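Novice:
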Amino acid sequence: MTLTPQTVLDRVHAALPQARIELLNNPSPSGQHSLLVHRDDALEVAQFLKNDPELLLDYASNVSGVDYPDHLEAVYHLFSIAQKQGPIVLRTRTGDRSGDACLPSLTPVWKSADFQEREAFDLLGIRFEGHPDLRRLLMWDEFVDHPLRKDYVAPEDYEYEPTPHGEILAKISAPASQA
Amino acid sequence: MTEADGAGAQTLDVSLGPQHPSTHGVFRMNVRMDGETVVKLQPVFGYLHRNHEKLAEGKSWLGSMPFTDRLDYICPITNNWGYALAVEKLAGIEVPDRAEYIRVIVGEMTRIQNHTAFLGFILGDMGAWGSALMYAFREREKILDLFEGLTGARMMANYMRFGGVRCDLPAGWLEKARAYIETYPAFLDEMEKFLTGNEILLSRLQGVGVMSAERAINGGLSGPVLRASGVDYDIRKVDGYGVYPRLKFRVPRGTVGDCFDRFMLRILEIRESIQILQQAFAQIPQGPILNPAVKTRGFKPPVGEAYGRIEGPKGELGFHLVSDGGEKPYRYHIRPPSLINLTLLEEMCVGTKIADVMVILGSIDIVLGEVDR
Amino acid sequence: MNFIDLLKRIPEICKTPETLPLEGKKLILDFVTWLGSLVGIAVPPWVLTLVNILVVIVAIIAVFLIMFALMSVWERKILARAQNRYGPNRVGPWGLFQPVADGIKMLTKEDIVPRNADKVVHFIAPIVMLVPALILPVLLPYGRGMVAIDLSVGILFFFAVGAGSEVAIFLAGWSSRNKYSILGAMRAIAQMISYELPLVMSAVIVALVAGTLSPTGIVEAQGGYQFGFFPNWFVFTPWGFVACVLFYFSALAESNRSPFDLPEGESELVAGHLTEYSGFKYALFFMAEYVGMFAINGLLVTLFLGGYQAPLPFLTFIPSWCWFFIKLAFLAFSLVWVRATMPRFRIDQMMQFAWKFMLPMSFAALFSAAAWHYAGRGLLGWGISAVLVAIPYFALGYFCFTRHHSADNRRYLFSE
Amino acid sequence: MNFPGSGIFKGMVVSAINLFGSYFDRAHAKRLITEQYPEERPTLPEASRSFPFLVFDGDPEKGIRCVACKICEKECPPQCILIEQDRDENGKLLRRPKVFNIDISVCMGCQICVESCPFESIRMDNIYEVSSYDRFDSLVLPKEKLLKSNEYYHSIHPTEAAETDARIEAARLKKEAAAKAAAQKMAAAKAAAEAKAAAEQSSQPESQA
Chain A
1 MTLTPQTVLD
11 RVHAALPQAR
21 IELLNNPSPS
31 GQHSLLVHRD
41 DALEVAQFLK
51 NDPELLLDYA
61 SNVSGVDYPD
71 HLEAVYHLFS
81 IAQKQGPIVL
91 RTRTGDRSGD
101 ACLPSLTPVW
111 KSADFQEREA
121 FDLLGIRFEG
131 HPDLRRLLMW
141 DEFVDHPLRK
151 DYVAPEDYEY
161 EPTPHGEILA
171 KISAPASQA
Chain B
180 MTEADGAGAQ
190 TLDVSLGPQH
200 PSTHGVFRMN
210 VRMDGETVVK
220 LQPVFGYLHR
230 NHEKLAEGKS
240 WLGSMPFTDR
250 LDYICPITNN
260 WGYALAVEKL
270 AGIEVPDRAE
280 YIRVIVGEMT
290 RIQNHTAFLG
300 FILGDMGAWG
310 SALMYAFRER
320 EKILDLFEGL
330 TGARMMANYM
340 RFGGVRCDLP
350 AGWLEKARAY
360 IETYPAFLDE
370 MEKFLTGNEI
380 LLSRLQGVGV
390 MSAERAINGG
400 LSGPVLRASG
410 VDYDIRKVDG
420 YGVYPRLKFR
430 VPRGTVGDCF
440 DRFMLRILEI
450 RESIQILQQA
460 FAQIPQGPIL
470 NPAVKTRGFK
480 PPVGEAYGRI
490 EGPKGELGFH
500 LVSDGGEKPY
510 RYHIRPPSLI
520 NLTLLEEMCV
530 GTKIADVMVI
540 LGSIDIVLGE
550 VDR
Chain C
553 MNFIDLLKRI
563 PEICKTPETL
573 PLEGKKLILD
583 FVTWLGSLVG
593 IAVPPWVLTL
603 VNILVVIVAI
613 IAVFLIMFAL
623 MSVWERKILA
633 RAQNRYGPNR
643 VGPWGLFQPV
653 ADGIKMLTKE
663 DIVPRNADKV
673 VHFIAPIVML
683 VPALILPVLL
693 PYGRGMVAID
703 LSVGILFFFA
713 VGAGSEVAIF
723 LAGWSSRNKY
733 SILGAMRAIA
743 QMISYELPLV
753 MSAVIVALVA
763 GTLSPTGIVE
773 AQGGYQFGFF
783 PNWFVFTPWG
793 FVACVLFYFS
803 ALAESNRSPF
813 DLPEGESELV
823 AGHLTEYSGF
833 KYALFFMAEY
843 VGMFAINGLL
853 VTLFLGGYQA
863 PLPFLTFIPS
873 WCWFFIKLAF
883 LAFSLVWVRA
893 TMPRFRIDQM
903 MQFAWKFMLP
913 MSFAALFSAA
923 AWHYAGRGLL
933 GWGISAVLVA
943 IPYFALGYFC
953 FTRHHSADNR
963 RYLFSE
Chain D
969 MNFPGSGIFK
979 GMVVSAINLF
989 GSYFDRAHAK
999 RLITEQYPEE
1009 RPTLPEASRS
1019 FPFLVFDGDP
1029 EKGIRCVACK
1039 ICEKECPPQC
1049 ILIEQDRDEN
1059 GKLLRRPKVF
1069 NIDISVCMGC
1079 QICVESCPFE
1089 SIRMDNIYEV
1099 SSYDRFDSLV
1109 LPKEKLLKSN
1119 EYYHSIHPTE
1129 AAETDARIEA
1139 ARLKKEAAAK
1149 AAAQKMAAAK
1159 AAAEAKAAAE
1169 QSSQPESQA
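Those sequence lines, one after another, are chains A, B, C and D.
Just so you know, my numbering puts the end of the first sequence at 179, numbered straight through with nothing missing.
Just so you know, my numbering puts the end of the second sequence at 552, numbered straight through with nothing missing.
Just so you know, my numbering puts the end of the third sequence at 968, numbered straight through with nothing missing.
Just so you know, my numbering puts the end of the fourth sequence at 1177, numbered straight through with nothing missing.
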């Protein structure tokens, strides 16, 4: 069967009628429409997508976190190696951007999500519940903020590369005590 | 030296890296060893983290193109291609035929030089004193010279553009490239004679780091590492991007899934790439190299998102791009094959000797610029 | 006796290059006697003995250190050429002064001692390493009648002293307080003890056949030519060839050369026991390794390659001591050549190779040598002993290696 | 022929071939490809690029093509260009740069400034011996060091330079033609207007008066 978001959606609806899942339209010419799953049902749906003999989406290629003004999203690009089809785009949404930035981890289903979920946690602050080893991936453990968020403000003197342009030049030529 | 927690055995915790001769850069592994046998291995990343994705959000769409050169700096041109492909999907840009052929030519040459360099690197990881590495680099150098003649830079090519390539082939370049590629099988034969029969190499590679097909798929391995485990999955065939459907080539796959299969698969892939190149040299048409509809300055793709991927030399190189219709990407995410191929590193390494860890790491073929971005 | 007479002897000595070193030594002794007569005293015999010893020591150390210096640049040159590079060619003509530059660099580098190191042991380890290495060359016969100390149990003494370097490597590895160092030291001990066995076994065969443990005696036993042109070297007998190859590989392992450089194992253990050494101490280790390597290959020349004997009868006009060094240079070249070709063993494979392959093969060579001896040391014995080493070689090769690893048993599938 | 150890033997043969072969093929540079750098210099291919420079025609002061539009400053991915527009004595902005700095220790030679420049004024150089002990003085190239003549550009990238010149020439011709056409049109319009005025004058002389 040809895997399109619509066929996958129908199949999921047929098997898991209680799962809250909807089709999100992608206006770009790429036409990669995505399936938005409610986070409480995500693990169940993921298990189904991977194991269903018609779908066999056994390969979670890409996992990326996206920061939207009022929520964070984890986007999974799923492929079926058995059927050589894809991508099916699966998204889960957090409740908000701070206190409720939790999503279920899909690493138990697709091991390949391991590092990329850690990366999304590190850079965007999405807490993946059920992840076997949720630590920062790229930034160091003592780092406090999440640099890929849109509201992240980088400290100015942070590993700066001294360039002779403008105020940075003035800053480095000024005595250290004033800086 | 620490006592293992409750294990009762004397174990040794060693931090291999970030400064270590054979971690291919600033990769670090926290290894717990029982004697010389690895019982636990934890990769640590981030020593080369440059915030590539954050930087891209502050640049124009085209402005990220030179930065993709610096992802996997062994094969910058395929990185260019992956990004260009993703943006073309996002904005629905057509690419002229000649440009697609040029892309295939430079992309396959990149694959050849990456795999050749791999042969040298893995021998270095096995402790050979650099002979194989120097032979590999000797040939790689010649390909890089061809790249310099075409793109102006040996490594940091910055060659692809949305909807084509930046400049046309200079006069005589195609002949030079064709003549050079004709000499390649001879070099490869010599390399195989030098390496594949060597008893020490066989005993170092065979049976080491075995990975089953099922685990390889679940762990997201891609590229030669995935195919060595016996999975028939090549994005050039599956997605059929570019003009690959018009070219005849075979996809090799292994049967055991150990380091030796990964090693041999690279050699087999080089041979297939040579086939592809010869066809591409013969078929390349005349014509424009850039879609004239694409603007250099102020390029704005429509709102939406796209995931574009290519079969890079190291595996599936994907770009997930989200556009809000502006001059800058809203979100720019890279699926780096080097990083995700490391997911199963611990599974491969536990129970092997410390020297095998280096070989397994070498057989995965990572570049830290891409792992940490 | 006067000075002019001494000077006149120099061209005379030079006329017979065969005995040049020995006559040169005598000349120096006579020069000392003349010096004594100059100030009007008879030189006491103990002074002459002392001068005799000193001359030999200085000569051996000088020769081996010059060889070390030349080897360090030559090795890099060969390795570079095997890798299609130029190698050092900037310091002096053809890079010949590279060792001088290296020496200056090494001497001017900071001598770093880790804070937690055992400072005393860390300090003495390079010395413990160098001393046995410098004792070894004393035992080798460099030419006819040219051996510093002609011990009747020379081979035994050689191995006894040579084992001292293992202690030094362990001292170095343990005292550095570095995990890589201790791992390297443990590997070094395991490796050296394992390879000591085939090393000694293959030397024992030669000692049995030659009927002596004296290096000079062994070389003399290889004198003369079969059929008037074929040298009687032990390497040209089947058992001798096998023993020679075994000795060669054991010697590689003993001197930590590639592909047995596991203690240093730079791709996994950074530099093994040398990780925490720098500057002059590192240079001492380096020097000791090379001098030890020359010594053990000198022993190989003595045992199997006919020592100072010329390979063909009409080549005897070249002095015997030249032949020794020519053979040594050839061996040194082959060491670099091996290094340019091979990857490194893994620790367990290396142990397997020693215990499952090399040790049985050395026993096979022993039996083969016995068969050769009792079949009359002729062509018949040659054939029997060839069979006796060939069968175990192929059997062991199959059971230890080919059964497990082969490039031919792999299949690769292709999909269009 | 396969016996235990034959693989190693074959490998030794290959390394020996390379060892001795490297002495004999300096001429066709198949094996020994190293260039002895300070004595031997590479012949750079025409496409070779390193850092940007500014092209001028004829006189470095008057012939500078750059009009300080700051497009390259904006497009430069690593932000290594600094431009200040020149002003005349009255404070009026002039179409030429007063300051044009490129920090080549930051520049990554990506050529995006070249592509984005609409005035064909910034081009890629192929110098490569630029190392220095000083971070700022010699690696931040000011306008004076960046300015290089069009002849120099022709000497390093002849094909590209010829194309550029042809484009400029075509643009100039087009502009001239446009100007000519505009002038003609204007003249025609003027003539027509004059004629019309004259006609009007002649037809309605009384109203003019």
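Using N, Cα and C, we set each Cβ at its ideal position, and we do this for glycine too.
Note that the coordinates shown come from a computational prediction; the quantities given were computed from them, not determined experimentally.
May I have the straight-line CA-CA distance separating arginine 963 of chain C from serine 1123 of chain D, to the nearest angstrom?
Specialist: For this step, residue 963 of chain C is matched to residue 411 along the third sequence. For this step, residue 1123 of chain D is matched to residue 155 along the fourth sequence. About 56 angstroms.
Novice: What residues from chain B crowd round asparagine 26 of chain A, counting only those whose CB sits closer than 7 angstroms?
Specialist: One-based indexing of the first sequence puts residue 26 of chain A at position 26. Under the 7 angstroms cutoff, chain B gives Gly483, Glu484.
Novice: What alpha helix (DSSP H) runs, 4 residues minimum, are completely inside the stretch 400-465 of chain B?
Specialist: Qualifying alpha helix (DSSP H) stretches, in chain order: 403-407, 414-417, 438-462.
Novice: May I ask you to list, following chain order, the residues of the stretch 1009-1024 of chain D that have a beta carbon less than 9 angstroms from some beta carbon of chain C?
Specialist: Listed by position along the chain: nothing, the set is empty.
Novice: Under 9 angstroms, CB to CB, which of the residues in the stretch 69-95 of chain A have a partner in chain B?
Specialist: Residues Val75, His77, Phe79, Ile81, Ala82, Lys84, Gln85, Gly86, Pro87, Val89.
Novice: Does any residue of chain A have a CB that is nearer than 8 angstroms to the CB of arginine 476 of chain B?
Specialist: Stepping through the second sequence from its first residue, residue 476 of chain B is reached at position 297. No, arginine 476 of chain B lies away from the interface with chain A (no Cβ there is under 8 angstroms from its Cβ).
Novice: By DSSP's criteria, cysteine 102 of chain A is part of a beta bridge. Which residues make up the other side?
Specialist: Here residue 102 of chain A corresponds to residue number 102 of the first sequence, with the count starting at 1. In DSSP, cysteine 102 of chain A forms a bridge with A:Arg127.
Novice: Is phenylalanine 992 of chain D close to chain C? Criterion is C-beta to C-beta, closer than 8 angstroms.
Specialist: On the fourth sequence, residue 992 of chain D is found 24 positions in, with the first residue counted as 1. Cβ-Cβ to chain C under 8 angstroms: no for phenylalanine 992 of chain D.
Novice: Can you round the beta-carbon distance between tryptophan 907 of chain C and alanine 634 of chain C to whole angstroms, since I take them to be within the 8 angstroms contact cut?
Specialist: What you label residue 907 of chain C is simply residue 355 of the third sequence in a count that begins at 1. What you label residue 634 of chain C is simply residue 82 of the third sequence in a count that begins at 1. Wrong, their Cβ atoms sit about 31 angstroms apart, outside the cutoff.
Novice: Can you list the residues of chain B that serine 61 of chain A reaches, using a CB-CB cut of under 9 angstroms?
Specialist: Locating residue 61 of chain A in the first sequence gives position 61, where the first residue counts as 1. Within chain B, the residues near serine 61 of chain A are Gly399, Ser401, Tyr486, Arg488, Glu495, Gly497, Arg514, Ile519.
Novice: Please classify asparagine 209 of chain B: does DSSP put it in a helix, a strand, or coil?
Specialist: Counting from one through the second sequence, the residue named residue 209 of chain B turns up at place 30. Three-state DSSP puts asparagine 209 of chain B in a strand.
Novice: For leucine 380 of chain B, which residues in chain C fall below 7 angstroms Cβ to Cβ?
Specialist: The residue labelled residue 380 of chain B in the question sits at position 201 within the second sequence. The contacting residues are Pro895.
Novice: Report the residues of the stretch 237-255 of chain B with a CB closer than 7 angstroms to any CB of chain D, ordered along the chain.
Specialist: Taking 7 angstroms as the Cβ-Cβ cut-off against chain D, the residues of the stretch 237-255 of chain B that qualify are Lys238, Ser239, Leu241, Gly242, Pro245, Phe246.
Novice: Which chain B residues are close to phenylalanine 121 of chain A, counting only those with a beta carbon under 9 angstroms from its beta carbon?
Specialist: Position 121 of the first sequence, counted from the start, is the residue given in the question as residue 121 of chain A. Chain B residues near phenylalanine 121 of chain A: none, gap ~13 angstroms exceeds 9 angstroms.
Novice: Starting from histidine 77 of chain A, trace the beta strand (DSSP E) in both directions and tell me its first and last residue.
Specialist: Against the first sequence, residue 77 of chain A aligns to sequence position 77. Where histidine 77 of chain A is concerned, the enclosing beta strand (DSSP E) stretches over 72-80.
Novice: Is methionine 339 of chain B close to chain D, meaning its C-beta is less than 8 angstroms from at least one C-beta of that chain?
Specialist: Taking the second sequence and counting its residues from 1, one reaches residue 339 of chain B at position 160. By this cut-off, methionine 339 of chain B is not an interface position.
Novice: Could you give the distance in angstroms between the alpha-carbon of tyrosine 68 of chain A and the alpha-carbon of alanine 74 of chain A?
Specialist: Within the first sequence, residue 68 of chain A is the residue found at index 68, counting from 1. Within the first sequence, residue 74 of chain A is the residue found at index 74, counting from 1. Going by the C-alpha atoms only, they are around 11 angstroms apart.
Novice: If I'm right that leucine 703 of chain C touches serine 766 of chain C with Cβ under 8 angstroms, what's the distance once you round it to whole angstroms?
Specialist: Reading the third sequence from its first residue, position 151 is the one you call residue 703 of chain C. Reading the third sequence from its first residue, position 214 is the one you call residue 766 of chain C. 7 angstroms between Cβ atoms; contact.
Novice: Determine which residues of the stretch 864-898 of chain C have a Cβ less than 7 angstroms from any Cβ of chain D, and write them out in chain order.
Specialist: The stretch 864-898 of chain C vs chain D, Cβ under 7 angstroms: Trp889, Ala892, Thr893, Met894.
Novice: Can you list the residues of chain C that lysine 532 of chain B reaches, using a CB-CB cut of under 8 angstroms?
Specialist: If you number the second sequence from 1, residue 532 of chain B lands on position 353. Those are Arg898, Ile899, Asp900, listed as they occur along chain C.
Novice: Would you mind stating whether phenylalanine 1024 of chain D and serine 1117 of chain D have Cβ atoms separated by less than 8 angstroms?
Specialist: Counting from one through the fourth sequence, the residue named residue 1024 of chain D turns up at place 56. Counting from one through the fourth sequence, the residue named residue 1117 of chain D turns up at place 149. Yes; because the gap between Cβ atoms is below 8 angstroms, this pair is in contact.
Novice: Based on the DSSP secondary-structure assignment, which residues constitute the bridge partners of threonine 295 of chain B?
Specialist: By 1-based counting over the second sequence, the position of residue 295 of chain B is 116. In the DSSP output, where bridge partners are listed per residue, threonine 295 of chain B has none listed.
Novice: With 16 other CB atoms within 10 Å as the buried threshold, where does alanine 1177 of chain D fall?
Specialist: In the fourth sequence, the residue the question calls residue 1177 of chain D occupies position 209. With a pLDDT of 41 at alanine 1177 of chain D, under the threshold of 50, the modelled position of this residue cannot be trusted, and the question is left open.
Novice: When the Cα atoms are used, what is the spatial distance from arginine 667 of chain C to alanine 724 of chain C?
Specialist: The sequence position of residue 667 of chain C within the third sequence is 115, counting from 1. The sequence position of residue 724 of chain C within the third sequence is 172, counting from 1. Taking the straight line from one Cα to the other gives about 15 angstroms.
Novice: Cβ closer than 8 angstroms: which chain B residues qualify as neighbours of glutamate 1043 of chain D?
Specialist: Here the question's residue 1043 of chain D lines up with position 75 in the fourth sequence. Under the 8 angstroms cutoff, chain B gives Ser239, Leu241, Gly242, Arg476.
Novice: With distances taken Cα to Cα, identify the nearest neighbour of leucine 855 of chain C among C:Met658, C:Gly763, C:Gly639.
Specialist: Here residue 855 of chain C refers to the residue found at position 303 when the third sequence is read from its first residue. Nearest C-alpha to leucine 855 of chain C: C:Gly763.
Novice: Tell me the rounded alpha-carbon separation between alanine 938 of chain C and glycine 850 of chain C.
Specialist: If you number the third sequence from 1, residue 938 of chain C lands on position 386. If you number the third sequence from 1, residue 850 of chain C lands on position 298. Computed Cα separation, rounded: 26 angstroms.
Novice: For tyrosine 280 of chain B, which of B:Gly402, B:Gly299, B:Leu348, B:Trp240 has the nearest alpha-carbon?
Specialist: On the second sequence, residue 280 of chain B is found 101 positions in, with the first residue counted as 1. For tyrosine 280 of chain B, the nearest C-alpha among the options comes from B:Leu348.
Novice: Indicate the three-state DSSP secondary structure (helix, strand or coil) for glutamate 182 of chain B in the structure shown.
Specialist: As a first step, residue 182 of chain B must be located in the second sequence, where it is residue number 3. With a pLDDT of only 44 at glutamate 182 of chain B, under 50, the local geometry of the prediction cannot be trusted, and no value is derived from it.
Novice: Give a yes or no on whether the minimum CB-CB distance between tyrosine 412 of chain B and chain A is below 8 angstroms.
Specialist: In the second sequence, residue 412 of chain B corresponds to position 233, counting from 1. Yes, tyrosine 412 of chain B counts as interfacial toward chain A.
Novice: Could you list the residues in the stretch 619-650 of chain C with a C-beta less than 7 angstroms from some C-beta on chain B, going in chain order?
Specialist: Of all residues in the stretch 619-650 of chain C, Leu631, Ala634, Gln635, Asn636, Arg637 have a Cβ within less than 7 angstroms of some Cβ in chain B.
Novice: Starting from glutamate 267 of chain B, follow the alpha helix (DSSP H) in both directions and report where the run begins and ends.
Specialist: Taking the first residue of the second sequence as position 1, residue 267 of chain B is located at position 88. Counting along the chain, the alpha helix (DSSP H) containing glutamate 267 of chain B begins and ends at 255-270.
Novice: Just checking: is the beta-carbon of glutamine 32 of chain A within a distance shorter than 8 angstroms of some beta-carbon in chain B?
Specialist: Here residue 32 of chain A is taken as the residue at index 32 of the first sequence, counted from 1. Interface residue, yes.
Novice: Going by DSSP, what residue range makes up the beta strand (DSSP E) through phenylalanine 966 of chain C?
Specialist: For the purposes of this step, residue 966 of chain C is taken as the residue at position 414 of the third sequence. Phenylalanine 966 of chain C -> beta strand (DSSP E) spans 965-967.
Novice: Closer than 7 angstroms, Cβ to Cβ, to anything on chain B: give me those residues from the stretch 1069-1089 of chain D, in chain order.
Specialist: Those would be Met1076, Gly1077, Cys1078, Gln1079, Ile1080, Glu1083, Ser1084, in chain order.
Novice: Check whether the Cβ of phenylalanine 951 of chain C lies closer than 8 angstroms to any Cβ atom in chain D.
Specialist: Counting from 1 along the third sequence, the entry for residue 951 of chain C is found at position 399. Answer no: the Cβ-Cβ gap between phenylalanine 951 of chain C and chain D never drops below 8 angstroms.
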